[in-house]
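Residue numbers (this note's numbering): 15 to 336.
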């Protein structure tokens with residue numbers, strides 16, 4: 015088996031569950047700059063596999079941001095490929111683009127599965143379980159585990175609730191469906207603690223508050239206020255770069271905004287952009303123009319230039335989506 019774009023066989027939820035049952039030694043892989051859904055999904059899957067008597071290691075290209083360490087299993091995440099392990103399966107969670115899975119020398123000739131909710135998934139695995147209408151990969155896993163009758167402990171329920179909550183804006187975003195709410199409700203019934211989760215996610219350091227102020231001061235707009243941009247420069251990234259996606263909410267909350275863009279410093283000639291839309295703009299397609307991707311209303315990309323030069327080409331492209 016191999017990893018190659020556009021060769022995955024799409025499978026059902028039950029077939030994905032059978033894949034987990036039929037393998038024993040798993041490498042679980044998420045994406046760079048892990049968000050709440052990715053951390054929650056990979057940790058929940060890890061916990062469930064252990065409860066099934068399997069072996070599993072978790073691997074992320076970047077460390078788990080402090081804000082998501084409320085999930086206890088996150089302390090077991092590796093950022094380097096474990097040595098001397100003999101895996102018989104790799105499962106990628108919440109990863110639509112293999113390039114975002116990190117520069118790892120993944121084991122060859124073993125079965126691979128992706129569990130993902132990105133419409134733009136590049137179908138890079140042997141098998142793909144995809145539900146792009148779901149708010150989160152954690153929503154997919156919750157449904158899978160409930161249907162299988164798996165009893166999950168509190169940490170697993172918290173992980174999945176966190177994943178669903180963060181990717182749905184805690185049920186404020188348009189991706190929230192009755193099914194999203196049902197999965198969250200069932201997780202609370204089984205042991206998830208919304209108060210514990212929200213208290214930890216809402217905690218901010220003094221440095222983060224200073225960072226928020228710095229980013230807010232950079233807000234500016236185009237197209238009669240429909241395109242709103244904010245900068246997270248080098249100093250701001252040094253203050254709270256690991257939580258940089260949080261600051262995308264600053265331009266998004268401006269009245270009249272349709273496309274919000276947070277420009278993040280990655281180097282003198284590299285600008286990372288987190289994109290959000292409010293109503294109709296497809297920022298996934300916008301991000302794809304610069305080699306990125308994601309969801310209709312939340313995506314990201316990079317432009318290899320300074321903020322000033324990147325903004326010129328970005329705004330010209332963004333105006334087409336209004």
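Every residue gets a Cβ at the ideal spot worked out from N, C-alpha and C, and that includes glycine.
Is it the case that the CB of residue i approaches a heavy atom of the ligand NAD more closely than 8 angstroms?
i          : result
residue 62 : Looking for the ligand NAD in the displayed structure turns up nothing, as the structure carries no ligands at all.
CB-CB under 6 angstroms to residue i, same chain, minus the five flanking residues each way: which ones, in chain order?
i           : result
residue 222 : 254
residue 114 : 45, 46
residue 56  : 42, 44, 72, 107
residue 173 : 54, 57, 58, 85
residue 226 : none
residue 323 : none
residue 20  : 137
Shortest alpha-carbon distance to residue i belongs to which of the options?
i           : options            : result
residue 61  : 75, 169, 310, 235  : 169
residue 124 : 132, 110, 103      : 103
residue 165 : 32, 50, 58         : 58
residue 305 : 43, 24, 44, 287    : 287
residue 84  : 69, 177, 120       : 177
residue 80  : 47, 336, 109       : 47
residue 269 : 197, 261, 234      : 234
residue 161 : 137, 201, 172      : 201
residue 335 : 322, 317, 300, 327 : 300
residue 31  : 74, 66, 181        : 66
residue 280 : 327, 316, 106      : 316
residue 98  : 204, 88, 121       : 121
residue 108 : 216, 76, 52        : 52
residue 148 : 92, 179, 215       : 179
residue 38  : 327, 112, 63, 191  : 63
residue 22  : 142, 303, 321      : 142
residue 171 : 278, 87, 291       : 87
residue 137 : 25, 302, 289, 250  : 25
residue 1   : 159, 146, 127      : The chain is shown only over 15 to 336; residue 1 falls outside these bounds and no answer can be derived.
residue 196 : 50, 215, 251, 156  : 156
residue 214 : 82, 36, 111, 27    : 82
residue 111 : 331, 302, 322      : 302
residue 33  : 267, 220, 331, 140 : 140
residue 250 : 331, 228, 263      : 228
residue 186 : 217, 263, 93, 127  : 263
residue 105 : 126, 307, 96, 330  : 126
residue 218 : 261, 192, 184      : 261
Are the C-beta atoms of residue i and some chain B residue less than 9 angstroms apart?
i           : result
residue 246 : This model lacks chain B altogether; it includes just one protein chain.
Assign residue i to one of two classes, buried (16 or more other C-beta atoms within 10 Å of its C-beta) or exposed (fewer than that).
i           : result
residue 239 : exposed
residue 309 : buried
residue 230 : exposed
residue 130 : buried
residue 118 : exposed
residue 132 : buried
residue 16  : exposed
residue 325 : buried
residue 258 : buried
residue 313 : buried
residue 311 : buried
residue 327 : exposed
residue 198 : buried
residue 298 : buried
residue 18  : exposed
residue 36  : exposed
residue 50  : buried
Quick one: what's residue i bridged to in DSSP?
i           : result
residue 155 : Paired residue(s): none; residue 155 is not in a bridge.
residue 246 : 278
residue 70  : 40
residue 284 : 281
residue 315 : 287
residue 64  : Its beta-bridge partners do not exist; DSSP assigns none.
residue 129 : 107, 143
residue 235 : 242
residue 308 : 313
residue 220 : Its beta-bridge partners do not exist; DSSP assigns none.
residue 24  : 142
Whose C-beta lies closer than 7 angstroms to the C-beta of residue i among residues of the same chain, with five residues either side of it excluded?
i           : result
residue 319 : 283, 285
residue 265 : 233, 242, 243, 244, 271, 274, 275, 276
residue 182 : 149, 150, 189, 190, 194
residue 237 : 333, 336
residue 116 : 46, 75
residue 77  : 93
In chain order, what residues of the same chain lie with their CB nearer than 8 angstroms to the CB of residue i, ignoring the 5 residues before and after it?
i           : result
residue 294 : 272
residue 100 : 39
residue 224 : 253
Measuring CB atoms only, is the region 235 to 250 touching the region 195 to 213, in the sense that at least three cross pairs come out at less than 8 angstroms?
no
Count the C-beta pairs between the region 151 to 159 and the region 65 to 81 that are closer than 8 angstroms, then say yes if the count reaches three, no if not.
no
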